[in-house]
Structure formats: structure tokens, C-alpha cells
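Colleague:
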Amino acid sequence: MSAGVGTQRDPGTARQPFGQRVRDWWNSRSRAEQWMITIPVVVLVYLLPMLNVFPLSTEPWTDYELALFNAARLGLIALGLNVVLGQAGLLDLGYVGFFAIGAYVAAIMTSRDSFLHNPHYSWLVVVPVAMAVTMISGVLIGTPTLRLRGDYLAIVTLGFGEMVRLLADNLDPLRGNRGFQDVGRPPGTHADGSPLFTQTDGKPWYWLTVTFIIVILLLIGNLERSRVGRAWVAIREDEDVAELMGIPTFRFKIWAFVMGAAIGGLSGVLYAGQVGFVNNQRFDVVTSILFVAAVVLGGSGNKVGVLLGALVISYLPDRFQLAPQYRFLAFGLALIVLMIFRPQGLLGARQRLLARGRDAYKRLVGAPEPVSADSALTEQGKGGDR
Amino acid sequence: MTYHLALTLAQTESHWIDFNVGLLRDEFWSNTIDGLAYGSIYALVAIGYTLVYGVLRLINFAHSEVFVVGAFGAYFTFVGLGYQPGPTSDSGIVPLIVNLLLAGIVAMVASGVIALILERVAYRPLRKRNAPRLVFLITAIGASFAIQQALLIWRGGNPEPAIRLLRPQAVFEFGTTRITNIQIIVFVASLLLLVVADAFVGRTRLGRGIRAVAQDPDTAALMGVNKERVIMLTFVLGGALAGAAALFYVMQIPQGVLYNGGFLLGIKAFTAAVLGGIGNLRGALLGGLLLGVVENYGQSLFGGEWRDVVAFVLLIVILMVRPTGILGESLGKARV
Numbered sequence: 337m338s339a340g341v342g343t344q345r346d347p348g349t350a351r352q353p354f355g356q357r358v359r360d361w362w363n364s365r366s367r368a369e370q371w372m373i374t375i376p377v378v379v380l381v382y383l384l385p386m387l388n389v390f391p392l393s394t395e396p397w398t399d400y401e402l403a404l405f406n407a408a409r410l411g412l413i414a415l416g417l418n419v420v421l422g423q424a425g426l427l428d429l430g431y432v433g434f435f436a437i438g439a440y441v442a443a444i445m446t447s448r449d450s451f452l453h454n455p456h457y458s459w460l461v462v463v464p465v466a467m468a469v470t471m472i473s474g475v476l477i478g479t480p481t482l483r484l485r486g487d488y489l490a491i492v493t494l495g496f497g498e499m500v501r502l503l504a505d506n507l508d509p510l511r512g513n514r515g516f517q518d519v520g521r522p523p524g525t526h527a528d529g530s531p532l533f534t535q536t537d538g539k540p541w542y543w544l545t546v547t548f549i550i551v552i553l554l555l556i557g558n559l560e561r562s563r564v565g566r567a568w569v570a571i572r573e574d575e576d577v578a579e580l581m582g583i584p585t586f587r588f589k590i591w592a593f594v595m596g597a598a599i600g601g602l603s604g605v606l607y608a609g610q611v612g613f614v615n616n617q618r619f620d621v622v623t624s625i626l627f628v629a630a631v632v633l634g635g636s637g638n639k640v641g642v643l644l645g646a647l648v649i650s651y652l653p654d655r656f657q658l659a660p661q662y663r664f665l666a667f668g669l670a671l672i673v674l675m676i677f678r679p680q681g682l683l684g685a686r687q688r689l690l691a692r693g694r695d696a697y698k699r700l701v702g703a704p705e706p707v708s709a710d711s712a713l714t715e716q717g718k719g720g721d722r
Numbered sequence: 002m003t004y005h006l007a008l009t010l011a012q013t014e015s016h017w018i019d020f021n022v023g024l025l026r027d028e029f030w031s032n033t034i035d036g037l038a039y040g041s042i043y044a045l046v047a048i049g050y051t052l053v054y055g056v057l058r059l060i061n062f063a064h065s066e067v068f069v070v071g072a073f074g075a076y077f078t079f080v081g082l083g084y085q086p087g088p089t090s091d092s093g094i095v096p097l098i099v100n101l102l103l104a105g106i107v108a109m110v111a112s113g114v115i116a117l118i119l120e121r122v123a124y125r126p127l128r129k130r131n132a133p134r135l136v137f138l139i140t141a142i143g144a145s146f147a148i149q150q151a152l153l154i155w156r157g158g159n160p161e162p163a164i165r166l167l168r169p170q171a172v173f174e175f176g177t178t179r180i181t182n183i184q185i186i187v188f189v190a191s192l193l194l195l196v197v198a199d200a201f202v203g204r205t206r207l208g209r210g211i212r213a214v215a216q217d218p219d220t221a222a223l224m225g226v227n228k229e230r231v232i233m234l235t236f237v238l239g240g241a242l243a244g245a246a247a248l249f250y251v252m253q254i255p256q257g258v259l260y261n262g263g264f265l266l267g268i269k270a271f272t273a274a275v276l277g278g279i280g281n282l283r284g285a286l287l288g289g290l291l292l293g294v295v296e297n298y299g300q301s302l303f304g305g306e307w308r309d310v311v312a313f314v315l316l317i318v319i320l321m322v323r324p325t326g327i328l329g330e331s332l333g334k335a336r337v
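Protein chains in written order, with this note's numbering: chain A, 337 to 722; chain B, 2 to 337.
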């Protein structure tokens, strides 16, 4: 670990780091016990808007439920970006582009300002269409750029994110600053017939988003444990070696891009629906950096970590009413400090290439294999090609 | 509301993108001249990317903010010298030159200092820890973000009102093409600075240190090169050139001093560096000039709003087709 020479102990007798001990404890529970812990936690998460407990509730002048929705939405985005950045190790600075595409697809299909407006497009049609469009754009953006690596990839994806914004600025049918009003919302009514999903009521949005997060956690979790996920981790750890071992790295990188893009598009649809208005203003690089900050802060590669990171980045400013510019300044500084002192984020990446082997070892021996829990971000000696 | 709806319908009929080949032909020469003036600014900023990349193998994302700090330095020198926004009165040639030089020095010092601080605060601790490149990159993004937001808090989201020390006047005219005094000054001065920088890296002792570290940092250190000092020097040199570029930028586009004004220029300078071959000083010059010119042609062909898209597309195309750039020789291999 990068914690420095002074803190390194003999791995055989050393106390494991806290995160590792939590993980080991969790992994040593039986399946039933894990469910018994998981289900109440999930129920609690769903009940959050109802429980106005002290440290969670917002200051009087912000809407607690909308703050929760925004945190959940950023969590969804962070999960999507985590596939690209955390799992496959591709630094995508243009992720906001996919978010924007999702929002724009929703707007174009449902807003009365749109050239394609058709009242028969229900929101349930919009979601798969938006995800399909973002997936296609993921392929289109990924095919030329994913042959590049590291810094170059970052710059080029940044360029693509900006191009999406510039297109929204300048293509007349996308209406630039004037934007689209009355973007479609999910169907459903209260008992008295008033619509369930409105601009002011955050609760249904929050529940919907949490449901999406859970579904995506299950899907992505399965994907990560599959051949695809192992290929991603291999690419993240060392792309050349992965290629040499026969992994078609380019194809798997495209896959990561497409998966991430679809989730980004979905969150774009949710955002557009809740705000009800889409124009070119919210899709700039600053937003993109915010997404990256959420993932890196929480611990890229760790799903629980990135959700935590998104919660911190979205909820704390809402809770404490920081002026937006101070919050962005704080995130910039936090990125620097974090990279210097804890590059793996609050919770480091869990899944390494050897994770499954380690599990097997533990089942056989009955004790965890003595290894450190470092990730691609902390590994030493990979600092450069010289 | 009716008007709004009518407008919507009218917009729906319009084209998505227009091509205007006629305008490209008519404005070819003025575009070329203007593009060279812009391109020399890109080239000056690109040197900063190229030097840092050559020595540290790091794309210094925050270099665009180094540039913006220089632009603010130049602007506030103008303010401090008593110039007001709006049309300035003619104040003799000598005070004008002195004031411009003063603004240039302030801008170069401001940019050099901020680049040095950046190196000390953000990058050096990472080097000590032997961090992987992704960590350097995220730090650079964080630094860029932090400086940008600090400037936003300080100056707000509106651009500074224009101060124009030197009014653009046509010096030469070829037919319809006008060459202004500002364009000439910017181009010649940038070229001069680039030649000086090239000679510095190519011919001086300190420059030899830079090349040695670029080629092989460990061996250079063994041979008695002070690596940390060379890295500091690299940041200061790149920063100072960005500061000079900032002065020219303020002269050419006086209303452009904005907290995030460096972002696009940074991308373009980086494009220029890649176009010429990153790590190659002369490549940066070539790439900068080329990008400036191509961008202006694109502006005529597609319309002004697509100007920035041209740079992005060019960047992607170069990286795909020839990632080593036109003069694909790195700083480390240069044997001047």
C-alpha cells in the first residue's frame, strides 16, 4: 500500500485494514445472514424520505426529498461512470455527454416544443429508446477513441463531451438556450387523480431512482462476476498483459463504454423528467468533473464506495447550503488532497483480478489470504513507462 | 406565446448545418492571416504542454488555468496603469510599448509563479509517492478545477470589460485583406519568444538538463542533473510562455478575460501540441499555426459557432491517424 514504508507490517501477522476486515466479516456470513442484513437496509433506504431524522434532514429552505432524489440520481450516474472508470480503468471526462443525450432524447420525444413531439410517446417508451440511443452513441464515441489510452483518452472524451454540448448549443432543432419545456414524466396518479410524479414532490422520483439503482446494482454485479467483468479488471490492471493473455481488450472497452453510457442516459431521462426542462446549460465540463469526483472520492471500482461518494458530493452541499461555487472549489481541492493522501478513495476498490481466487483460498483454508487491499490506483511502480 | 410557437415552427424548417464554400474562398487570405496570429498564441501555450509532457510524461491539465492567471495579470496591470474600459486615447508610442512590456512581465511572472505553485503543491507529493499516471491526471483535473472556481469566486461569472491599449489598425491591405498592427505584433513577438525558448532548450546548460531529464530521468540524475530543479524550471518556463500568450490574447480579444476562458484555449493548445508532435518544441509552433489557420477556414465554411468543434475533430483525427504528430520526435531525442 502507498501508506508509506513506516506503516508497513509483516503481512502474516498484521492487522488487516479496516475495510478489509469489514469485507472479510461480510464474506464470512452465510447467504441467509447477508440477506437478513441487506433487506432491512434496503427498506430503510426506501423509508428515508419519511424519516426526517436529525442529521439527514435539510435546512428549512431546501427540500429534503428533492435533495434525496438528487443524491440518488448522482449515485446512479456514479454507478454508470464506475463501470467505465472504476471497472475498466478508462478515464472518461465526457460522461456528461451521455447524460445530456439521455435528457435530450426524453425532451425531443415528449416535449411539446420538439419537432418530433408526439403525445403518444409514453415515458415507458422513452426510457428504452433513450438507453438505446446512448448505447449507440457509446459505440460511436468509443470506436474511434478507445484505441487511445490514459491521458489521451481523457482529453478526447473531454472533447466529445464538449461536442455534445456544442451540438446542443448550435443545432437549431435542439433549441439551444431556449430548451424544451414540459418534458414527459413517468405515468401514475395519486388516489385523487393528481399526477404522482411532479416537479415539486421528490418522493416518487427518489423511490423510482433507488429502484433503478438496485436493479442496476444486480445487473452490473452479475456482469462484473462474469467473463466481461474479469476482462475489465484485467484491462484496468494492465492493458498490455490483458491483450497478451488473449483478451480482446478493444471489444471489452467498448462494452464498458456502452454499459456506462446506457446508465448515463437513464439518469439523463430521470433528470429531464423531474426538472421538466432541458436546455444546453447543465451539460458542461464542470458537471462532468463532478461525476468523476463522485466516483474517485468514493473509491473507483467499488460500487458501495461510489454510491457513498455520490451521496457526499450531492447531499452535503444541499444539507449545509454551501454556495455552489464554493462547493466546486472544495471538490477541486478535495481531488488534489485525496489523490495525494488516499488515491484509492474513501473505500478502495474491492474486486481485483485475484478476488475470486482469494475467496476460494479462504473457503479452503478457513482464513483470509494475507494480501493488501490495494487497487490499480495505489499500485506502486506503475508510475510511468520509464 | 403565439410568437414563440411561430418561431419554433420557423426554426424547424431551418437547416441543421450550412456549408458556405463561397465565404471560405472570399475570406481565405484574411482567415490565413488571422489564423496565424491566433495560432502563434496557441503555439506559446502549447510549449507549456510539450515541455511538461516531455519531462514528466504528464498532460498538465491545469496549464489552461496557468494561462488564465496570466491573462488576469495582464488585465490588472492595464487597470493599475490607469487604463479604463472603453476606447483609450492615443498615448504616444513609447509609453505604449513600456506599458505593454510591463503587462507582459506581470503576466509572465503571474503564470510562472502559479505553475510553480502547482508543481510544488500538487505534483511533487505525487512524484514522491511514485503514483501511477491516472492519479497524476486526476490531480491535474482537480487543480484545474480548483483554480478555475477560485477565479470564479474572485471575479464572478462575467467577463472583464474590455481594455484595449492598442487599437487595431490596418497596416497593410492586399485587396480586401487587411493586416492589423495587433496581428503583426502578436505574430512577430510570439515567433521571437518561441525562437528564444527553442534556443534556451537547445543551447543552454539548463536546457540540456531539460533534454536529459526528458530522455531518461534516472540516468540524468545519476549524471549530476538536479532533476527537481529541472522540473521546476520546466514548469516556470512553460508558465512564463503561457503568460506571454495571455498578454497577446488580451490584446487580441480584450473582452475574453473570464474565469474559465482558459478551458477552450487549453484544449486547442493541447491539440496544437499533439498536432506537431507532443514533446517537440518546433512541433508546437507548427501545430499551433496550423490549427489557428484550419480553425478559421472551418469557421468560414461551417459558420462561427462550429469553430471550436473543428479543433476537437482535428484532435481526434490526429490522435487516431498519427498520434506522434507531424514532427513525431520527442524532446528527449532532440539533439540540437
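Heads up, the beta-carbon is just placed ideally off N, CA and C, and yes, glycines get one too.
Using three-state DSSP, classify residue 254 of chain B as helix, strand or coil.
Modeller: Translated into the one-based positions of the second sequence, residue 254 of chain B becomes position 253. Residue 254 of chain B falls in the coil class under three-state DSSP.
Colleague: Can you tell which of B:311, B:273, B:98, B:93 has the C-alpha that lies nearest to the C-alpha of residue 324 of chain B?
Modeller: Your numbering for residue 324 of chain B matches position 323 in the second sequence. Answer by Cα proximity: B:273.
Colleague: Assuming contact is defined by CB atoms lying nearer than 8 Å, are residue 419 of chain A and residue 556 of chain A in contact in what I supplied?
Modeller: Residue 419 of chain A sits at position 83 when you count from the first residue of the first sequence. Residue 556 of chain A sits at position 220 when you count from the first residue of the first sequence. A contact, by the Cβ cut-off of 8 Å.
Colleague: Taking C-alpha atoms, which residue in B:156, B:174, B:194, B:151 lies nearest to residue 286 of chain B?
Modeller: In the second sequence, residue 286 of chain B corresponds to position 285, counting from 1. Residue B:194 is the option with its Cα nearest to residue 286 of chain B.
Colleague: Any C-beta of chain A sitting closer than 8 Å to the C-beta of residue 300 of chain B?
Modeller: Locating residue 300 of chain B in the second sequence gives position 299, where the first residue counts as 1. Output row for residue 300 of chain B: interface = no.
Colleague: Could you compute how far the alpha carbon of residue 448 of chain A sits from the alpha carbon of residue 678 of chain A?
Modeller: For the purposes of this step, residue 448 of chain A is taken as residue 112 along the first sequence, with counting starting at 1. For the purposes of this step, residue 678 of chain A is taken as residue 342 along the first sequence, with counting starting at 1. Between residue 448 of chain A and residue 678 of chain A, the C-alpha separation is close to 48 Å.
Colleague: Can you give me the start and stop residues for the beta strand (DSSP E) that residue 179 of chain B sits inside?
Modeller: Residue mapping note: residue 179 of chain B aligns to position 178 of the second sequence, counting from 1. First-last of the beta strand (DSSP E) with residue 179 of chain B: 178-181.
Colleague: For residue 461 of chain A, I'd like the list of residues in its chain whose CB is within less than 6 Å of its CB, leaving aside the five on either flank, ordered along the chain.
Modeller: Locating residue 461 of chain A in the first sequence gives position 125, where the first residue counts as 1. Within the same chain, residue 461 of chain A has no close Cβ partners at all.
Colleague: Which residue or residues does DSSP assign as beta-bridge partners of residue 303 of chain B?
Modeller: Numbered from its first residue, the second sequence carries residue 303 of chain B at position 302. For residue 303 of chain B, which the question treats as bridged, DSSP gives no partner whatsoever.
Colleague: With a threshold of 8 Å between beta carbons, is residue 592 of chain A in contact with chain D?
Modeller: The chain labelled as chain D is not found among the protein chains of the depicted structure, namely A and B.
Colleague: Please list, in chain order, all residues of the same chain as residue 581 of chain A whose beta carbon is under 8 Å from its beta carbon, the five residues on each side excluded.
Modeller: Numbered from 1 along the first sequence, position 245 holds the residue referred to as residue 581 of chain A. Cβ within range, chain order: 570.
Colleague: Against chain B, does residue 418 of chain A count as a neighbour if the rule is that its beta carbon must be under 8 Å from one of theirs?
Modeller: Within the first sequence, numbered from 1, the residue matching residue 418 of chain A stands at position 82. So, not an interface residue.
Colleague: Tell me which residue opens and which closes the alpha helix (DSSP H) that residue 172 of chain B is part of.
Modeller: For the purposes of this step, residue 172 of chain B is taken as the residue at position 171 of the second sequence. It is not in any alpha helix (DSSP H) - residue 172 of chain B instead sits in the beta strand (DSSP E) that spans 171-175.
Colleague: Can you give me the Cβ contacts of residue 328 of chain B inside the same chain, cut-off strictly under 8 Å, excluding the 5 residues immediately before and after it?
Modeller: Position 327 of the second sequence, counting from 1, holds the residue named residue 328 of chain B. Contacts found: 277, 278, 281, 283, 284, 287.
Colleague: Output yes or no for whether 8 Å exceeds the beta carbon distance between residue 520 of chain A and residue 459 of chain A.
Modeller: Looking up residue 520 of chain A in the first sequence gives position 184. Looking up residue 459 of chain A in the first sequence gives position 123. Result yes, Cβ atoms of residue 520 of chain A and residue 459 of chain A sit closer than 8 Å.
Colleague: Going by CA-CA distance only, name the one from A:538, A:537, A:595 that's closest to residue 565 of chain A.
Modeller: If you number the first sequence from 1, residue 565 of chain A lands on position 229. Nearest of A:538, A:537, A:595 to residue 565 of chain A, Cα basis: A:595.
Colleague: With residue 72 of chain B and residue 262 of chain B assumed to form a contact (beta carbons below 8 Å), what rounded beta-carbon distance in angstroms separates them?
Modeller: Stepping through the second sequence from its first residue, residue 72 of chain B is reached at position 71. Stepping through the second sequence from its first residue, residue 262 of chain B is reached at position 261. Contact holds; Cβ gap of about 7 Å.
Colleague: Residue 296 of chain B touches chain A at which residues, Cβ-Cβ below 8 Å?
Modeller: Working through the second sequence from its first residue, we reach residue 296 of chain B at position 295. None at all; the shortest Cβ gap to chain A is about 14 Å.
Colleague: Contact criterion: CB-CB distance below 8 Å. Does residue 31 of chain B meet it with respect to chain A?
Modeller: On the second sequence, position 30 is the one that residue 31 of chain B refers to. No - not a single Cβ of chain A is within 8 Å of the one on residue 31 of chain B.
Colleague: Per DSSP, which residues does residue 516 of chain A bridge with? Please list them.
Modeller: Along the first sequence, read from residue 1 onward, the residue named residue 516 of chain A stands at position 180. A:614.
Colleague: In angstroms, rounded to a whole number, what distance separates the CA positions of residue 534 of chain A and residue 523 of chain A?
Modeller: Taking the first residue of the first sequence as 1, we reach residue 534 of chain A at position 198. Taking the first residue of the first sequence as 1, we reach residue 523 of chain A at position 187. Going by the C-alpha atoms only, they are around 10 Å apart.
Colleague: Under 8 Å Cβ-Cβ, which residues of chain A neighbour residue 264 of chain B?
Modeller: Working through the second sequence from its first residue, we reach residue 264 of chain B at position 263. The answer, in chain order, is 621.
Colleague: In the segment 106-119 of chain B, which residues sit with their C-beta less than 7 Å from some C-beta in chain A, listed in chain order?
Modeller: The residues in question: there are none.
Colleague: To test your reading of the DSSP string, which unbroken alpha helix (DSSP H) runs of 4 or more residues are found completely within the segment 602-681 of chain A?
Modeller: You should have 621-634, 639-656, 660-677.
Colleague: Classify residue 441 of chain A as buried or exposed, calling it buried when 16 or more other Cβ atoms lie within 10 Å of its own Cβ.
Modeller: To locate residue 441 of chain A, count along the first sequence from 1; it is residue 105. Looking at its Cβ environment, which holds 16 or more other Cβ atoms inside 10 Å, residue 441 of chain A is buried.
Colleague: Please return the same chain residues whose Cβ sits closer than 7 Å to the Cβ of residue 218 of chain B, not counting the five positions on each side in sequence.
Modeller: Taking the first residue of the second sequence as 1, we reach residue 218 of chain B at position 217. Within the same chain, residue 218 of chain B has close Cβ partners 228.
Colleague: Counting only Cβ-Cβ distances shorter than 9 Å, please list the residues of the segment 493-524 of chain A near chain B, keeping chain order.
Modeller: The segment 493-524 of chain A vs chain B, Cβ under 9 Å: 494, 495, 496, 498, 499, 502, 503, 505, 506, 507, 508, 509, 511, 514.
Colleague: For residue 10 of chain B, which residues of its own chain have a beta-carbon under 7 Å away from its beta-carbon, when the five flanking residues on both sides are left out?
Modeller: As a position in the second sequence, residue 10 of chain B is number 9, starting the count at 1. With a pLDDT of 45 at residue 10 of chain B, under the threshold of 50, the modelled position of that residue is not reliable, and no figure is offered here.
Colleague: Are residue 56 of chain B and residue 302 of chain B touching if we call contact CB-CB under 8 Å?
Modeller: The residue you call residue 56 of chain B lines up with position 55 of the second sequence. The residue you call residue 302 of chain B lines up with position 301 of the second sequence. For residue 56 of chain B and residue 302 of chain B, no; Cβs fall outside 8 Å.
Colleague: Near residue 559 of chain A, what residues of its chain come up, given a Cβ to Cβ distance below 6 Å and the 5 sequence neighbours on each side ignored?
Modeller: In the first sequence, counting from the first residue as 1, residue 559 of chain A sits at position 223. 565, listed in sequence order.
Colleague: DSSP state of residue 87 of chain B, grouped into three classes?
Modeller: Reading the second sequence from its first residue, position 86 is the one you call residue 87 of chain B. Three-state result, residue 87 of chain B: strand.
Colleague: Are the C-beta atoms of residue 488 of chain A and some chain B residue less than 8 Å apart?
Modeller: Counting from 1 along the first sequence, the entry for residue 488 of chain A is found at position 152. So, interface residue.
Colleague: What whole-angstrom Cβ distance do residue 426 of chain A and residue 489 of chain A have, given they're in contact under 8 Å?
Modeller: On the first sequence, residue 426 of chain A is found 90 positions in, with the first residue counted as 1. On the first sequence, residue 489 of chain A is found 153 positions in, with the first residue counted as 1. Contact flag correct, Cβ pair sits at about 6 Å.
Colleague: Just the chain A side, please: which residues come within less than 8 Å of residue 185 of chain B by C-beta, in chain order?
Modeller: Counting from 1 along the second sequence, the entry for residue 185 of chain B is found at position 184. Correct list: empty, because the minimum Cβ distance to chain A is about 32 Å.
Colleague: Residue 235 of chain B touches chain A at which residues, Cβ-Cβ below 8 Å?
Modeller: In the second sequence, counting from the first residue as 1, residue 235 of chain B sits at position 234. What residue 235 of chain B touches in chain A: nothing, since even the nearest Cβ is about 16 Å away.
Colleague: Which residue from B:54, B:100, B:94 puts its Cα closest to that of residue 76 of chain B?
Modeller: Counted from its first residue, the second sequence places residue 76 of chain B at position 75. The residue with the shortest Cα to Cα distance from residue 76 of chain B is B:100.
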